[in-house]
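Read through the structure below, which is laid out as structure tokens, and then see the notes.
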Amino acid sequence: MNHSPSARTAVRLITPFLVAACQPQARRLLLLDLALSDPVVLNSTARPWADAGYNVQYRRFYPHLTRADLPQFRTLVCLLGREPEAASDALTAGDVALLDEWVRRGGVVVLGYDGDGEGYLDRWTANRWLAYEGAGISIGDRVLEDTTARVMMTGRAQPWAVARPVGDEPLGSAYDPFPLDRNHVVVAREPTQLLALTSHRAFVRTSRAPAPRPDAGIAAAVRIGEGLVVVISRHALGTLGPQYRPSTTPFLATGPLADTYAFLRAVARWTRRPAEWAHVPPATHRASLALQDAPLPVELQPPRLAPPPGVDAIELPAVPDKKFARPANVPDWLRQQGLRVLWTPLLAMREEQHVPRPHATLDSLVTFLDVGGFNLLSGDAYPEGADSLHARWWERDAVRRAWSDAVSRLGPTSVAWIPAFDYGAARLPPADSSRGPRGEALPAPCVLDTALWVGGFAPAATALGRLAAEQRTLVIALGFDLGDPLRDPPPTSPSRPHGRSYGMGQEFCDAAWRRSLTHLGHGGAELDSLPYAARYATLREAGLLPLYYRALEDAVAERAGTLRDRILRQRRDVYFAFRLPQPPADWFSLGLLKGFALPDRPLLLFTPEAQTRDVLGLLRERGLNAVHAIELAPALLRTRDWAGLKRTVFEENDGFWLPGETGGTKTPGRLPADSLVRLLRRLAR
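Going by the working numbering, the first residue of the sequence shown is number 1100, and it counts up by one from there.
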């Protein structure tokens, strides 16, 4: 039966209310993420709330409040964006208006701010809204650190948290200090507003010198009208699993992490008990709200009546099918030994030129691989330097000599080689710029610009394929390094990924725009002529963002598949390896993996994350069969929990990779070589 357009619109608007009527509003939680994160990296955020009795609904591709949300949900967890330091969506004037209405109707708002060098815009907007409501809470702009942290972890040392008892159960319990990932100082008017404090030795870095911030607040709450507002970092909310940025969670501290879970679940339970909110003070005098002085213009988008058609919410946490718990078609050598990889560049840098390592240095490296029990060497082999069309003659000579030296020294050993292309450090031809959601030019090249693939990936893949064909016994896989984020930036520089990274909220350059619209069947002069600054918002409001990013992912996969097939024509049995700064959860990294995936062999993934079992299971459901090696930062080898470390490395993951020297500098926390070898051999036993 055919319905008129107006009837179909009415049905679409009424349906959410009918669904909501089947479930008490108090149990329904809306999760919005202005960074548009993939659901696989929000499971850890959602799990404590689901375990507290909430039905968590995540609406990814329309991360703004609508009027239809007010009667459907009582609790909102709003994860703020990354602007201006990284591409993402951001709070709008319509969001601010509905946040006020939400809490004054008795709802709960949990503001999860982004921190550690990102998210200044939304922190600014959130602070102005909190001041407008008279909340007496303000979010600082510098990340807390504590170099006396008791448990070694990857990345910058984060202070542990101390829960402040609030009333009776569930927040009345006392906990030992526990990890809570990255946090900024949260200043509260009244001490009774604070839910958690930082360590006694915490500090923040300023332009002059580190400034102590002992026992500073890191989570706070306030009553506004009949409702409640909780302010906490989005990293703290996601402490228990992978996030869209590298985690700093000390994964071996199982006891304290149990307290982390208990605290987060207690906060979730507390938001369902209005009688317990009386233990925190109410908001006082409201201030005027002015958004015109924001660091970037705040979008004056009024709230919609309902999300646009084509945008759905999914229930979290997602649980992978048990049949995808382990990778398929794992080769015998990997199943028996696991991945034990040293990741270090093959060539050295001298006066900004790639040069072969001295023979003595290379001999020491091979000895270290042998006595350390490694079975693989990987790292940047500078394959673009072997390209006769783009590289200078002395660069080609340096690459050939370095490859020859590696073959002659690794050949007699039991160590195989994964030569890699370091995309982040490669010299690429000029290309159009990538574009962010505001139309701003980003340092990365346009992802579908021909120069990126023809002048960047293609020559490197061809050179690597030729090397793999020549060295069938030694070269077992070919690697692609997608670059490191600056997890430990200099104190004066922001923590921003290397310029060539791609993520959600990004890629509206002309080539990507036209290719994706054609793929969607939405081309035409009206959309083609849209200025850069209007493209993201137009797609968002039309409900086309999910289709657009799927088209981008498919376009990247198509180009990656062409490279894969070119390599396979040279060598059929080669594997493909990828080093990523975090688990793959964006259209670019997923597109690359999709393009290189093969049904008869797994991809080899190298990330810093330890708790990837659920992520990899969910990715296998999407057709991405992969094994995973965890980064073994040297500081982790100082642990006393050897049983826990072995279980994490060889049971919960498929091995480890150890970062070597990069750019001529030592890896932070490096142990003396003899001590490192002894500890590695102990781990491998």
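Where a beta carbon is used, it is the ideal one built from N, C-alpha and C, also for glycine.
Reduced DSSP category for residue i - H, G, I as helix; E, B as strand; rest coil
i       : result
Glu1414 : strand
Glu1657 : helix
Tyr1088 : Outside the shown range of the chain (1100 to 1784) lies residue 1088, about which nothing can therefore be said.
Trp1259 : coil
Val1041 : With the chain covering only 1100 through 1784, there is no way to say anything about residue 1041.
Gln1710 : coil
Thr1370 : coil
Leu1757 : strand
Pro1170 : helix
Ser1600 : coil
Ala1186 : coil
Thr1165 : strand
Ser1592 : With a pLDDT of 37 at Ser1592, under the threshold of 50, the predicted position of this residue should be treated as unreliable, though the coordinate-derived value follows. Correct three-state label for Ser1592: coil.
Pro1542 : strand
Asp1531 : coil
Val1514 : coil
Gly1620 : coil
Gly1763 : Confidence at Gly1763 is low in this model, with a pLDDT of 37, below 50, so the placement of that residue should be treated as unreliable; the coordinate-derived value is given next. Reduced to three states, the DSSP call for Gly1763 is coil.
Gly1211 : strand
Val1139 : helix
Burial state of residue i, where buried means 16 or more other Cβ atoms lie within 10 Å
i       : result
Ser1136 : buried
Arg1671 : exposed
Trp1492 : exposed
His1727 : buried
Gln1257 : buried
Lys1693 : buried
Trp1788 : In the structure as shown, the chain starts at 1100 and stops at 1784, and residue 1788 therefore has no counterpart that could be examined.
Asp1132 : buried
Met1603 : buried
Gly1690 : buried
Asp1479 : buried
His1384 : exposed
His1163 : buried
Thr1460 : exposed
Val1553 : exposed
Ile1413 : exposed
His1458 : exposed
Gln1435 : exposed
Pro1584 : Its pLDDT being 43, under 50, Pro1584 is placed unreliably by the model, and the measurement read from it follows with that caveat. Classification for Pro1584: buried.
Asp1392 : exposed
Leu1563 : buried
Asp1245 : buried
Leu1404 : exposed
Leu1438 : buried
Gly1762 : Its pLDDT being 36, under 50, Gly1762 is placed unreliably by the model, and the measurement read from it follows with that caveat. When all chains shown are included, Gly1762 counts as exposed.
Ala1772 : exposed
Asn1474 : buried
Thr1617 : exposed
Glu1325 : exposed
Thr1572 : exposed
Glu1268 : exposed
Cβ neighbours of residue i in the same chain (closer than 7 Å, five flanking residues each side left out)
i       : result
Ser1463 : none
Gly1484 : His1453, Ala1490, Glu1494, Arg1495, Ala1497, Val1498
Leu1779 : Gly1471, Gly1472
Ala1505 : Leu1445, Trp1516
Supposed contact pair residue j and residue i - C-beta distance, whole angstroms, cut 8 Å
i       : j       : result
Val1379 : Val1265 : 7 Å
Gly1340 : Gln1710 : 5 Å
Ala1243 : Ala1301 : First, the residue type needs correcting, since residue 1243 is Leu and not Ala in the sequence shown. That pair is a contact at about 5 Å.
Ala1352 : Ala1295 : Actually they are not in contact, since the Cβ atoms of Ala1352 and Ala1295 sit about 17 Å apart, beyond 8 Å.
Gln1605 : Ala1186 : 4 Å
Pro1528 : Ala1550 : 5 Å
Thr1338 : Pro1278 : 6 Å
Own chain residues within Cβ distance below 8 Å of residue i, not counting five before or after
i       : result
Thr1305 : Arg1241
Ala1676 : Ser1477, Ile1517, Ala1519, Ala1576, Leu1577, Gly1578, Phe1579, Leu1702, Leu1703, Leu1704, Phe1705
Ala1225 : Leu1179, Leu1190, Leu1210, Tyr1212, Ile1238, Val1330
Cut-off 6 Å between Cβ atoms - residues of its own chain near residue i, not counting five sequence neighbours on either side
i       : result
Leu1229 : Ile1236
Asp1221 : Leu1179, Gly1180, Ala1189, Leu1190
Gln1342 : Val1140
Trp1376 : Arg1322, Leu1327
Asp1199 : none
Residue i: CB within 7 Å of a non-hydrogen atom of the ligand COA
i       : result
Gly1510 : For the structure depicted, the ligand COA is absent and the ligand set is empty, with no information on it obtainable.
In chain order, which continuous runs of the alpha helix (DSSP H) of length 4 or greater are located wholly inside the region 1218-1246? Unbroken alpha helix (DSSP H) runs of no fewer than 4 residues, entirely contained in the region 1218-1246, are found at 1219-1231, following chain order.
Completely contained beta strand (DSSP E) runs for the region 1305-1381, where each covers 3 or more residues: Taking only runs of at least 3 residues, the beta strand (DSSP E) segments lying wholly in the region 1305-1381 are 1309-1311, 1316-1323, 1326-1332.
At which residue ranges does the region 1401-1458 contain complete alpha helix (DSSP H) runs of 4 or more residues, listed in the order of the chain? Qualifying alpha helix (DSSP H) stretches, in chain order: 1431-1436.
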